[in-house]
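Trainee: I'd like to ask some things about the structure below.
There are 2 protein chains.
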Amino acid sequence: MQLYSYIKGEIENGSIKKGERLPSKKSLSAHLKISTVTVETAYSQLMAEGYISSKPGSGYYAEGFEEEETVENILKNESFCSENEPILYDFRTNRIDTSDFPFSAWAKLSREVLSERSEGLLNACHPQGIMQLRTAIADYLRDFRGMNVSPEQIVIGAGTEYLTGLIIQLLGRDNAYGVENPGYGKVYEIFSANTSRVFPVPMDEKGASAEYIAGFGINVIHVTPSHHFPLGIVMPVSRRQELLKWAYSKDDRYIIEDDYDSEFRYIGRPIPALQSMDKNNRVIYINTFTKTIAPSMRISYMVLPMSLLSKFRSKLGFYSCTVPVFEQLTLARFMEKGHFERHINRMKKIYRSRRDILVKKISEGRLGEIVSISGCDAGMHMLLTVSNGMKQNELVSSAAKNGAKVYSLSEYYSFPVADIPENTVVAGFSGLIGRDLIKGAEALEKAWL
Amino acid sequence: MQLYSYIKGEIENGSIKKGERLPSKKSLSAHLKISTVTVETAYSQLMAEGYISSKPGSGYYAEGFEEEETVENILKNESFCSENEPILYDFRTNRIDTSDFPFSAWAKLSREVLSERSEGLLNACHPQGIMQLRTAIADYLRDFRGMNVSPEQIVIGAGTEYLTGLIIQLLGRDNAYGVENPGYGKVYEIFSANTSRVFPVPMDEKGASAEYIAGFGINVIHVTPSHHFPLGIVMPVSRRQELLKWAYSKDDRYIIEDDYDSEFRYIGRPIPALQSMDKNNRVIYINTFTKTIAPSMRISYMVLPMSLLSKFRSKLGFYSCTVPVFEQLTLARFMEKGHFERHINRMKKIYRSRRDILVKKISEGRLGEIVSISGCDAGMHMLLTVSNGMKQNELVSSAAKNGAKVYSLSEYYSFPVADIPENTVVAGFSGLIGRDLIKGAEALEKAWL
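Going down the list, the protein sequences come from chains A and H. My numbering numbers the first residue of the first sequence as 614 and each following residue consecutively. My numbering numbers the first residue of the second sequence as 614 and each following residue consecutively.
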């Protein structure tokens, strides 16, 4: 792993140039006095990740590493709004339908908070957030997620991205962090921006590969057990136990459980959070209100294991809470008065009916014979595997020509791997109303049949 | 510097234990094939910072490095509220008087924003913040700070602490970051939490020592030129030019200008921001609304030089803006309608009169003969140098016994240095009304006379 990191780093910083020949496995193992198997393992990983390539009979060569330095590239980012394509039906995966948000209840509570004009509204709050909100979250987690946590363990922050950065500061930048590959692209980017030791972990049918994690020297793993993004895998209890066992076997191992869309589960009973199965203080639980309330509301929270609490307070307790007290007070009341629960239940019904409409239209309609659907027992998107001879890019471009936008599965791989399904695309259903889902599916029919 | 960092690291991580004897200068220089002067420089710095000590005729020994791991320690942090001392007059330095905040104007604008219920209120905004607020800030900086910046250059974030973390991610953790010593304690903590290469820079009468910065291999320096905290130095133009010249002479050098209380200047004309003197894209300007509006409102902003803008967007553009759109919209209107300007002017008058009351009471009263006042041409605090034979700790404790709380200057040194004035304390005046300032000063009279 040292060798792998070293060569990767040298390629990234340009010390090893594109096209440069690497030493042969034999000469490197002799030079470093390590086994050829070790060198081979490092080279294989670098190949799998696209850092180097091999030419048969000739050796290993560095691939180019291009930083995306242009404003144009970043403007393509989903966070930016402007798009001029004639897309009528965008099956985006991160679309929250805010039209169903109980805005008037929220506004009423906001006005109440403003009119009370309490001292606390202007003064700095506890670094972990106001106690009232942390208590409301602890109650919610107990009632709806079966988690037994104290408000003391909860840290409120301005978004999961911010909190993930805090976790890295807490555990230390020198850990070897594993992230799911494929996965939510930002997770990989956040880790990359904060540590140089982030490693893609391949997925098997149960989720992040425990074998790989253990074998590759990772000591902190970021996972989405409730509903993997984008594969849709719900991690079975057996894999959860494997991961916990892995974490327990060394003192510096932790699991970051990102429970980002656990609220929206359609089939079967919810599986307990990893956090609630953890008896040894090794799971950091993280969740957000961005998906359940509104993307403009930057409120997330994490639940620290008791053992990390004093470390957090001594090492990072100087940080002010990043969420305005006004928002915290409003959200706390929104939860206390049951609005949050009602809203979640309502959105779950809405998203479920959208999911059902799309599933029915595709599986019972003309696409039924060539499309198989997966990954939508929970969450806001599904995978469509299409057997019409087209590959991902064709599937996406032919859909676009017909006014529908679906997404290549390969987009979600931070690192390319050999076994990406060639004919699978990702389609979100949360942001489209029923009529548009049907019309969108009809556009896919035109494109793919 | 390498040697210094290495030994410091070994002591911090416990590889070199407390009491362990270090190699002699001579043997180390022979072993590493470097000059004894180099070793001496490193050892001197480590001594100055308390990592090692010398025993005459015997050599150098590592000092203990204790991590403050207890909850008790962190509860002492200013951010936490509970204090049970019988302190009637707390001359805290970071106290904002929120009772004069035009809350009804703010609440009215908040209600307006809520009632319009615009789409934008629930959807994610541009990663740098909403354009309306960035434009309002650019206008403000032009009109009141003489800065010519484009809204494109502005990044809104949930507090200076968060933005400082972003700057470190942007410039890279491997830079050698210099922070003023003494200085605002959190600055040192933020850098320490995000990079292992943070170095204390001593102050001279003009501010951060340019000679030291250049000589010690630092390449990014964090400064507070408008009004140094806590020494109160306003950096003269000559030093500003020296710093800019230093920055221009190498490609990887940057200045972070923290303009945190530039709004409150009482004597003389404002000195232009370093940012506005910078012709070569080397100054990152950062400021906050925490001190001008309310501590509960986590809104700060930074102005990136044009040259860093595309790097920011490509490297960190994936981060969502951390400030709720609701707060951004309200603040933008608050600024557009002139409320912010009026509020600043009003608070400046209020703080100036509090400053004048305290200065007058001390200098014209019984304390006049033993107390000299400095550092209060701007900002919210002053230095009191007391010639009654007491040292800092006595000054603080005798004041406390009489119901007044002042602060040891040495508290603000992240690293101890030899020349900390022994009889100087820090007194903030922004959080006390006139009557309490007078009673507080009377308590100091009882304590110190």
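All C-beta atoms in this analysis are idealised placements derived from N, C-alpha and C, irrespective of residue type, glycine included. Please read these numbers as outputs of a predicted model, since none were measured by experiment.
#1: Under 7 Å Cβ to Cβ from Y879 (chain A), same chain only, skipping five residues before and after it: list those, please.
#2: Pick out whichever of A:P1034, A:K1018, A:T943 has its Cα sitting closest to the Cα of S987 (chain A).
#3: Just by C-beta distance, which residues in the segment 1020 to 1037 of chain A are closer than 8 Å to chain H?
#4: Please list, in chain order, the chain A residues whose beta carbon lies closer than 8 Å to that of L929 (chain H).
#5: Measure the Cβ-Cβ separation of N736 (chain H) and S909 (chain A) and say whether it is below 8 Å.
#6: What distance in whole Å lies between the Cβ atoms of S933 (chain H) and G798 (chain A), which are believed to be in contact at a cut-off of 8 Å?
#7: Are V726 (chain A) and R911 (chain H) touching if we call contact CB-CB under 8 Å?
#8: State whether the segment 779 to 792 of chain H contacts the segment 816 to 834 of chain H, with contact taken as three or more CB pairs (one from each stretch) at a distance under 8 Å.
#9: Run through the DSSP bridge pairs and tell me what N794 (chain A) is partnered with.
#10: So, with DSSP's three-state summary, where would you put Y1026 (chain A)?
#11: Which class does I897 (chain H) belong to by DSSP, given the choice of helix, strand or coil?
#12: Is there a Cβ of chain H sitting closer than 8 Å to that of T901 (chain A), yes or no?
#13: Taking only beta carbons into account, state which residues of the segment 893 to 924 of chain A come closer than 9 Å to chain H, listed in chain order.
#14: Thinking just about the alpha-carbon of each residue, which of H:K630, H:G672, H:Y861, H:L921 is nearest to the one in K638 (chain H)?
#15: If we call anything under 8 Å between Cβ atoms a contact, is I868 (chain H) one with R895 (chain H)?
#16: Determine whether the beta carbon atoms of T901 (chain A) and S889 (chain A) lie at a separation below 8 Å.
#17: What are the residues that DSSP puts in a beta bridge with R915 (chain H)?
#18: Counting only runs of 4+ residues fully inside the segment 845 to 875 of chain H, write out the alpha helix (DSSP H) ranges in chain order.
#19: Under DSSP, the alpha helix (DSSP H) around G1002 (chain A) begins and ends at which residues?
#20: Should P843 (chain H) and L1022 (chain H) be called a contact, given that it needs their Cβ atoms to be closer than 8 Å?
#21: Looking only at its own chain, which residues have a Cβ that is under 7 Å from the Cβ of L1057 (chain H), when we skip the five neighbours before and after it?
#22: Could you give the distance in angstroms between the alpha-carbon of L1045 (chain A) and the alpha-carbon of Y1026 (chain H)?
#23: May I ask which residues mark the beginning and end of the beta strand (DSSP E) holding G778 (chain H)?
#24: Which residues does DSSP list as the beta-bridge partners of G1041 (chain A)?
#25: Would you please verify whether the beta carbon of G571 (chain A) is less than 8 Å from any beta carbon of chain H?
#26: Run down chain A in chain order and give the residues with a C-beta less than 8 Å from the C-beta of A720 (chain H).
#27: Of the residues H:E633, H:R634, H:G632, H:A655, which one's Cα is nearest the Cα of S642 (chain H)?
#28: Using DSSP's beta-bridge definition, name the partner residues of I665 (chain A).
#29: Please report the straight-line C-alpha distance between W1061 (chain A) and L922 (chain A), rounded to a whole angstrom.
#30: In chain order, what residues of the same chain lie with their CB nearer than 8 Å to the CB of K924 (chain A), ignoring the 5 residues before and after it?
#31: DSSP puts D703 (chain A) in a beta bridge; with which residues?
#32: Can you have a look at D817 (chain A) and say buried or exposed, based on whether 16 or more other CB atoms are within 10 angstroms of its CB?
#33: Using a cut-off of 7 Å between C-beta atoms, extract the partners of T711 (chain H) located in chain A.
#34: Please report the residue range of the beta strand (DSSP E) in which I986 (chain H) lies.
#35: Just verifying my parser: in three-state terms, what is the DSSP assignment at S648 (chain A)?
#36: Under 8 Å, do L971 (chain H) and V1038 (chain H) count as touching if we go by C-beta distance?
Mentor: In terms of the structure at hand:
#1: Locating residue 879 (chain A) in the first sequence gives position 266, where the first residue counts as 1. Same-chain partners within the cutoff: R965, R968, D990, A991.
#2: As a working mapping, residue 987 (chain A) is identified with position 374 in the first sequence. Ranking A:P1034, A:K1018, A:T943 by Cα distance to S987 (chain A) puts A:P1034 first.
#3: Flagged: no residues at all.
#4: The residue you call residue 929 (chain H) lines up with position 316 of the second sequence. In chain order, A806 make up the part of chain A whose C-beta sits under 8 Å from the C-beta of L929 (chain H).
#5: By one-based count along the second sequence, residue 736 (chain H) stands at place 123. By one-based count along the first sequence, residue 909 (chain A) stands at place 296. Cβ atoms of N736 (chain H) and S909 (chain A): closer than 8 Å.
#6: As a first step, residue 798 (chain A) must be located in the first sequence, where it is residue number 185. As a first step, residue 933 (chain H) must be located in the second sequence, where it is residue number 320. Not quite, the Cβ-Cβ distance comes to about 13 Å (not below 8 Å), so this is no contact.
#7: For the purposes of this step, residue 726 (chain A) is taken as the residue at position 113 of the first sequence. For the purposes of this step, residue 911 (chain H) is taken as the residue at position 298 of the second sequence. Their beta carbons are not under 8 Å apart, which means V726 (chain A) does not touch R911 (chain H) by this criterion.
#8: Result yes; three or more Cβ-Cβ pairs closer than 8 Å.
#9: Against the first sequence, residue 794 (chain A) aligns to sequence position 181. Paired residue(s): A:P815.
#10: What you label residue 1026 (chain A) is simply residue 413 of the first sequence in a count that begins at 1. Three-state DSSP puts Y1026 (chain A) in coil, outside helix and strand.
#11: As a first step, residue 897 (chain H) is located in the second sequence; it is residue number 284 there, counting from the start. Secondary structure of I897 (chain H) (DSSP, three-state): strand.
#12: Here the question's residue 901 (chain A) lines up with position 288 in the first sequence. Answer no: the Cβ-Cβ gap between T901 (chain A) and chain H never drops below 8 Å.
#13: Those residues of the segment 893 to 924 of chain A placed with their C-beta closer than 9 Å to a C-beta in chain H are T903, I906, A907, P908, S909, M910, R911, I912, L922, S923, K924, ordered along the chain.
#14: Position 25 of the second sequence, counting from 1, holds the residue named residue 638 (chain H). Here the closest residue by C-alpha is H:G672.
#15: Mapped onto the second sequence, residue 868 (chain H) falls at position 255. Mapped onto the second sequence, residue 895 (chain H) falls at position 282. Yes, they are a contact pair.
#16: Against the first sequence, residue 901 (chain A) aligns to sequence position 288. Against the first sequence, residue 889 (chain A) aligns to sequence position 276. Contact annotation: T901 (chain A) and S889 (chain A) have beta-carbon atoms that are not nearer than 8 Å.
#17: In the second sequence, residue 915 (chain H) corresponds to position 302, counting from 1. Per the sequence presented here, residue 915 (chain H) reads as Met, with Arg not at that position. According to DSSP, M915 (chain H) bridges with H:V768, H:I899.
#18: With a minimum length of 4 residues, the continuous alpha helix (DSSP H) runs that stay inside the segment 845 to 875 of chain H are 850 to 861.
#19: Within the first sequence, numbered from 1, the residue matching residue 1002 (chain A) stands at position 389. No alpha helix (DSSP H) holds G1002 (chain A); DSSP gives it neither H nor E.
#20: Locating residue 843 (chain H) in the second sequence gives position 230, where the first residue counts as 1. Locating residue 1022 (chain H) in the second sequence gives position 409, where the first residue counts as 1. In this structure, P843 (chain H) lies near L1022 (chain H), with their beta-carbon atoms less than 8 Å apart.
#21: Taking the second sequence and counting its residues from 1, the one referred to as residue 1057 (chain H) is at position 444. L980, A1012, A1017, listed in sequence order.
#22: Your numbering for residue 1045 (chain A) matches position 432 in the first sequence. Your numbering for residue 1026 (chain H) matches position 413 in the second sequence. Approximately 57 Å between the Cα atoms of the pair.
#23: In the second sequence, residue 778 (chain H) corresponds to position 165, counting from 1. It is not in any beta strand (DSSP E) - G778 (chain H) instead sits in the alpha helix (DSSP H) that spans 773 to 784.
#24: Position 428 of the first sequence, counted from the start, is the residue given in the question as residue 1041 (chain A). For G1041 (chain A), the beta-bridge partners assigned by DSSP are A:H994.
#25: The displayed coordinates of chain A run from 614 to 1062. Any statement about residue 571 (chain A) would go beyond what the structure contains.
#26: As a working note, residue 720 (chain H) is residue 107 in the second sequence. Near A720 (chain H) (Cβ distances below 8 Å), the residues of chain A are L727, S728, R730.
#27: For this step, residue 642 (chain H) is matched to residue 29 along the second sequence. Nearest to S642 (chain H) by C-alpha distance, out of H:E633, H:R634, H:G632, H:A655, is H:A655.
#28: As a position in the first sequence, residue 665 (chain A) is number 52, starting the count at 1. Residue pairing for I665 (chain A): DSSP places it in a beta bridge opposite A:A675.
#29: Start at 1 with the first residue of the first sequence, and residue 1061 (chain A) comes out as number 448. Start at 1 with the first residue of the first sequence, and residue 922 (chain A) comes out as number 309. Taking the straight line joining both Cα atoms gives about 53 Å.
#30: Counting from one through the first sequence, the residue named residue 924 (chain A) turns up at place 311. Closer than 8 Å at the Cβ level, and outside the excluded window around K924 (chain A), lie L783.
#31: As a position in the first sequence, residue 703 (chain A) is number 90, starting the count at 1. A:K1018, per the DSSP bridge assignment.
#32: For the purposes of this step, residue 817 (chain A) is identified with residue 204 of the first sequence, where counting begins at 1. Classification of D817 (chain A): exposed, given that the 10 Å Cβ count is below 16.
#33: Locating residue 711 (chain H) in the second sequence gives position 98, counting from the first residue. Neighbours of T711 (chain H) on chain A, chain order: L735, N736.
#34: For this step, residue 986 (chain H) is matched to residue 373 along the second sequence. In the DSSP assignment, I986 (chain H) falls within the beta strand (DSSP E) that extends over 984 to 987.
#35: One-based indexing of the first sequence puts residue 648 (chain A) at position 35. Residue state, collapsed to three classes: coil.
#36: Taking the second sequence and counting its residues from 1, the one referred to as residue 971 (chain H) is at position 358. Taking the second sequence and counting its residues from 1, the one referred to as residue 1038 (chain H) is at position 425. It is not a contact, given that the beta carbons lie outside the stated cut-off.
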